[in-house]
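If you want our numbering, it's the 1-based position in the sequence shown plus 66. Note that CB positions come from ideal geometry on N, CA and C, so glycine has one too.
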Amino acid sequence: MKDFYISEMWWAFVVAAVLCYFIGCFNFAVLISRLKKNDIRTIGSGNPGTMNMMRSFGLKVGIFNFVCDALKGGVPVLIAYFVFRGYVFAGTDICVADFARYFCGVFVVIGHIFPVTMKFKGGKGIASTLGLFWFSLACETWWFIFIGLGILLLVLVYIALSEWGSMGSLLGVSIFSVWQAATFYLRYSANISQGWVIACFMMLVAINLLTWIAHHKNLYKLLGGEEHRTSIKRMIGKKLHKKEN
Numbered sequence: 067m068k069d070f071y072i073s074e075m076w077w078a079f080v081v082a083a084v085l086c087y088f089i090g091c092f093n094f095a096v097l098i099s100r101l102k103k104n105d106i107r108t109i110g111s112g113n114p115g116t117m118n119m120m121r122s123f124g125l126k127v128g129i130f131n132f133v134c135d136a137l138k139g140g141v142p143v144l145i146a147y148f149v150f151r152g153y154v155f156a157g158t159d160i161c162v163a164d165f166a167r168y169f170c171g172v173f174v175v176i177g178h179i180f181p182v183t184m185k186f187k188g189g190k191g192i193a194s195t196l197g198l199f200w201f202s203l204a205c206e207t208w209w210f211i212f213i214g215l216g217i218l219l220l221v222l223v224y225i226a227l228s229e230w231g232s233m234g235s236l237l238g239v240s241i242f243s244v245w246q247a248a249t250f251y252l253r254y255s256a257n258i259s260q261g262w263v264i265a266c267f268m269m270l271v272a273i274n275l276l277t278w279i280a281h282h283k284n285l286y287k288l289l290g291g292e293e294h295r296t297s298i299k300r301m302i303g304k305k306l307h308k309k310e311n
């Protein structure tokens with residue numbers, strides 16, 4: 067492993083932050099809805115994200131939008147992992163890739179939620195966040211792909227049974243966060259108070275804060291019984307009805 071001197075290479079993180087922010091600014095929901103001669107920001111809840119796309123255009127379009135946003139969150143952190151995986155912060159045993167990939171992930175999520183291209187009114191970052199966690203965990207241990215898929219399926223089952231899309235999504239983010247936090251804790255238990263280890267945990271907290279705060283209106287509506295329901299059964303039923311006709 068090579069030493070990484072932040073005093074000399076700080077610019078790499080500045081470049082990564084700017085690039086990831088603008089990647090996050092690209093909104094697939096707006097693009098897809100425009101291809102359908104519409105604007106997702108004027109339909110349903112008005113949120114340019116997966117759940118509103120699913121409710122407005124159907125399950126297939128919603129899943130396609132989710133995959134696109136998940137890749138938007140996952141690919142940058144995957145690149146960050148492979149760029150920095152051969153380095154440790156100088157004077158420590160802390161892998162630069164452990165910090166870098168979540169640092170990049172934070173800025174993708176910020177770009178998605180607060181895009182300068184949309185007057186800082188974007189989506190809520192769930193699909194991108196789930197994608198970045200899934201890719202981040204799987205890039206080190208390939209079979210984690212299947213555990214991540216299992217978590218996503220559990221989230222889908224929860225949403226199908228409860229019809230609370232926002233809560234199911236946030237629970238998924240939280241589960242991934244706990245999983246990654248536990249991995250970091252086991253890896254760096256002997257250096258848990260080291261600054262870069264704390265910074266890794268801070269990135270996880272930042273991602274959670276961003277997504278939970280972005281959903282604060284949904285949580286208020288959920289508590290008040292006014293939240294938009296996401297009925298997967300109804301979406302499947304509509305799809306089957308269209309095929310029959």
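For the beta strand (DSSP E) holding Tyr-153, just list the boundary residues, first then last. 153–155
I'd like the span of the beta strand (DSSP E) that includes Asp-69, first residue to last. 68–70
With a threshold of 16 other CB atoms inside 10 Å of the CB of Met-117, please say whether the residue is buried or exposed. buried
Host alpha helix (DSSP H) of Cys-170 (start-end): 162–179
Mark Thr-277 as exposed unless 16 or more other C-beta atoms lie within 10 angstroms of its C-beta, in which case mark it buried. buried
Assigned secondary structure, Gly-90 (DSSP; H/G/I helix, E/B strand, else coil): Correct three-state label for Gly-90: helix.
Check for me: the alpha helix (DSSP H) holding Lys-287 runs from which residue to which? 282–289
Rounding to the nearest angstrom, what Cα-Cα distance links Cys-91 and Ala-83 in this structure? In this structure, the CA atom of Cys-91 is about 12 Å from the CA atom of Ala-83.
If we count the other Cβ atoms within 10 Å of its Cβ and call it buried at 16 or more, is Leu-198 buried or exposed? buried
Contact check, Ile-273 vs Tyr-168 under 8 Å by CB: the rounded distance? Sure, about 7 Å apart at Cβ, within 8 Å.
Nearest-angstrom Cα distance between Asn-104 and Gly-128? Between Asn-104 and Gly-128, the C-alpha separation is close to 15 Å.
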